[in-house]
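Novice: For reference, the structure I am asking about is given below.
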Amino acid sequence: MAILVTGGAGFIGSHTCVELLNAGFDVVVLDNLSNASEKSLERVKELTGKTVKFYRADILDRDALNNIFDKEDIESVINFAGLKAVGESVRKPWEYYENNIAGTLTLVDVMRQHNCKNIIFSSSATVYGDPVEIPITEKCPKGVCTNPYGWTKSMLEQILTDIQKADNEWNVVLLRYFNPIGAHPSGKMGENPNGIPNNLMPYITQVAVGKLDHLTIFGDDYDTPDGTGVRDYIHVVDLAKGHVKALSKLKPGTGLSIYNLGTGVGYSVLDIVKNFEKANDIKIKYEIGPRRAGDVAACYSDATKAKEELGWEAEFGILEMCRDSWNWQKNNPNGYDD
Ligand code: NAD
Ligand code: UDP
């Protein structure tokens with residue numbers, strides 16, 4: 069029996085492959101490599117001494133999915149495959165709805181035809197919109213998303229919830245990630261963004277490595293302790309381990325489970341800059357710019373439910389996250405192309 073990891077060559081997927089293999093699971097990866105390099109899977113092998121079976125395929129491709137489910141003995145799926153660039157989703161909404169929603173619908177249809185009804189879905193704290201309570205518990209109502217990417221997550225949560233409600237043979241886990249950063253502590257795997265990064269940490273590491281001149285901080289007039297935006301940053305290895313723990317909720321009769329995966333601690337943009345400088349002894353040039361459209365002031369989790377029900381909690385602190393992000397970037401300035 070194996071776990072099918074869609075999007076398994078990507079940032080979070082590749083780190084999850086390492087943790088699954090280390091925990092003794094057999095792993096099959098499906099990825100169309102639209103935002104990843106197959107080299108990440110070579111690094112998975114280097115780090116674990118084990119191989120994953122890799123299919124270069126698309127979750128929209130029903131024939132390819134049928135072929136994988138016919139050949140492999142898949143007991144559960146972790147569905148990371150998706151497009152994730154917020155700004156691009158505003159410019160290309162059709163592509164995002166097609167890839168993320170139609171892709172997952174195709175995957176789920178092929179799964180049920182092969183009687184595989186266990187799925188973990190990569191959701192996001194973005195489904196809370198501008199949260200009505202902070203720290204955010206899973207009981208916090210979902211909110212209004214500010215971009216098509218966020219809506220694909222929110223809608224897919226609803227679709228998977230309805231599918232589980234209609235057929236209780238399904239076990240569905242929705243994992244709402246907060247802000248994944250960091251990299252494998254070995255420096256062999258990490259985030260590999262295309263072009264100029266949108267997210268804070270890869271932007272900072274590219275300033276540190278000299279590819280970008282300075283960081284622009286998007287607003288310092290928020291209602292937060294220092295005026296800059298507050299987020300719940302989580303080390304990608306902790307996040308990956310959360311998926312291994314979440315597999316325990318794919319047992320018959322479990323039904324629908326929803327967990328926040330965060331640390332429960334909020335850091336401002338300035339906190340991140342200062343911690344990065346401290347962890348790595350590097351100065352980061354920055355200036356204050358205007359707010360970015362769609363950003364909320366503060367977003368951090370209450371991570372109690374995952375601790376109580378999954379026995380999972382984040383172990384890495386902010387200095388380790390900053391250290392490992394930099395370690396990856398400085399050893400691989402061009403990502404997997406080095
Ligand atoms: P990533 O882009 O590194 O990984 C996604 C992978 O999916 C890539 O390897 C890409 O090639 C693949 N893919 C995309 N569309 C596909 C398709 N149609 N068929 C097959 N493969 C396809 O991104 P990531 O940061 O590892 O994110 C993984 C998942 O977690 C995504 O669904 C993302 O939306 C979600 N998520 C990410 C974050 C974050 O900040 N990184 C936060 C919340 C949720
Ligand atoms: N941010 C910033 N400058 C950047 C990128 C991000 O000031 O170049 C801020 C952003 O406004 C937010 C935080 O950093 O307060 C995290 O942003 P990111 O895009 O990484 O994640 P988000 O929480 O928006 O998904």
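Sequential numbering of the sequence shown, starting at 69, is according to the working numbering. All residues carry an ideal CB built from backbone N, CA and C; glycine is no exception.
1) Within the same chain, show all residues whose beta-carbon is closer than 7 Å to that of P209, passing over the 5 residues directly before and after it, in chain order.
2) Quick one: grab the DSSP three-state call for L495.
3) Would you list the one or two residues that DSSP bridges to H303?
4) Could you please go through the chain and list the residues whose beta-carbon is closer than 6 Å to any non-hydrogen atom of ligand 2?
5) Note down, in chain order, each residue of its chain lying with its Cβ closer than 8 Å to the Cβ of V195, except the 5 sequence neighbours on either side.
6) Buried or exposed: A382, going by 16 or more other Cβ atoms within 10 Å of its Cβ?
7) Given 7 Å as the limit, tell me if N100 has its C-beta closer than that to any heavy atom belonging to ligand 1.
8) Between the alpha carbons of V304 and H252, how many angstroms are there, rounded?
9) Counting only the same chain and skipping the five closest in sequence on each side, list residues whose C-beta sits under 8 Å from that of A77.
10) For a test of your reading of the model: does the CB of S192 fall under 7 Å from any non-hydrogen atom of ligand 1? Yes or no.
11) Determine the contact status of I249 and M389, defining contact as a CB-CB distance below 8 Å.
12) Tell me, which residues are paired with A70 by DSSP?
13) Less than 8 Å between the beta carbons of I204 and S369, yes or no?
14) Let's see if you can read the secondary structure: which residues bound the beta strand (DSSP E) around S102?
15) Would you mind reading off the limits of the beta strand (DSSP E) that contains Y354?
16) Please confirm whether any heavy atom of ligand 1 lies closer than 7 Å to the CB of N239.
17) Where does A371 fall in DSSP's three states?
18) If we call anything under 8 Å between Cβ atoms a contact, is L175 one with N147?
19) Measuring straight from C-alpha to C-alpha, what distance separates Q397 and G403?
20) For the beta strand (DSSP E) that S190 lies in, which residues bound it at each end?
21) Please go through the same chain and pick out, in chain order, the residues whose beta-carbon is closer than 6 Å to the beta-carbon of C21, but skip the five residues on each side of it.
22) Taking contact to mean 3 or more Cβ pairs, one atom from each stretch, closer than 8 Å, check whether the segment 319–338 and the segment 287–300 are in contact.
23) How is the beta strand (DSSP E) around S325 delimited, first residue to last?
24) To the nearest angstrom, report how far apart A347 and L128 are at their CA atoms.
25) Tell me, please, which residues DSSP counts as bridged to N348.
26) So is E377 in contact with chain C if we call contact Cβ pairs under 8 Å?
27) Examine ligand 1 and report whether any of its heavy atoms sits within less than 7 Å of the Cβ of I127.
28) Taking Cβ positions, are N239 and L318 nearer each other than 8 Å?
Specialist: In brief:
1) V200
2) Within the shown structure, residues of the chain are numbered from 69 to 406, placing residue 495 beyond reach of any answer.
3) I249
4) N247, N266, N267, L268, Y271, L283, T284, I285, F286, G297, R299, V337, R360 and D363
5) K210, G211, C213, G218, K221, S222, E225 and R244
6) A382 is buried by the Cβ-count criterion.
7) yes
8) 8 Å
9) V97, D99, L101, A104, S105, E106, S108, L109 and F122
10) yes
11) yes
12) In the DSSP assignment, the residues bridged to A70 are D94 and I142.
13) yes
14) No beta strand (DSSP E) contains S102, which DSSP labels as neither H nor E.
15) The continuous beta strand (DSSP E) containing Y354 extends over residues Y354 to G357.
16) no
17) coil
18) yes
19) 7 Å
20) N186 to S192 is the extent of the beta strand (DSSP E) around S190.
21) Not covered by the structure: residue 21. The range shown for the chain is 69 to 406.
22) yes
23) According to the DSSP assignment, S325 belongs to the beta strand (DSSP E) that extends over L324 to L329.
24) 42 Å
25) N348 is bridged by DSSP to nothing; it lacks a bridge partner.
26) This model lacks chain C altogether, as it is built from one protein chain only.
27) Distances between the C-beta of I127 and the heavy atoms of ligand 1 include at least one below 7 Å.
28) yes
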